[in-house]
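Q: Handing you this structure, nothing more for now.
In the UniProt record's numbering, the protein residues as written are 1 to 54.
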């Protein structure tokens with residue numbers, strides 16, 4: 001009986017770890033996308049400033 005409880009508990013931890021890994025990966029992807037968008041916006045603003053100053 002005890003081994004089954006330990007196994008269930010262990011499986012629960014593994015599921016939690018997998019979920020945590022997935023959440024971390026999603027957060028990293030979102031951060032990368034936000035950084036890319038910010039870089040694109042800054043680049044567009046710089047290009048507009050250069051074009052207007054000519």
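Just so you know, even glycine gets a beta-carbon here, dropped at the ideal spot from N, CA and C.
Pick helix, strand or coil for residue 54, following the three-state DSSP scheme.
A: The residue you call residue 54 lines up with position 54 of the chain shown. In the structure shown, residue 54 sits in coil (DSSP, three-state: anything other than H, G, I, E or B).
Q: How many Å lie between residue 20 and residue 45 at the Cα?
A: Along the chain shown, read from residue 1 onward, the residue named residue 20 stands at position 20. Along the chain shown, read from residue 1 onward, the residue named residue 45 stands at position 45. Each residue's Cα considered, the two are about 37 Å apart.
Q: Please report how far the alpha carbon of residue 1 lies from the alpha carbon of residue 38, in whole angstroms.
A: For the purposes of this step, residue 1 is taken as residue 1 along the chain shown, with counting starting at 1. For the purposes of this step, residue 38 is taken as residue 38 along the chain shown, with counting starting at 1. Cα to Cα, the separation comes out at about 56 Å.
Q: Would you tell me roughly how many angstroms separate the C-alpha atoms of residue 49 and residue 42, rounded to the nearest one?
A: The residue given as residue 49 occupies position 49 in the chain shown. The residue given as residue 42 occupies position 42 in the chain shown. If I take the Cα positions, the gap works out to 11 Å.
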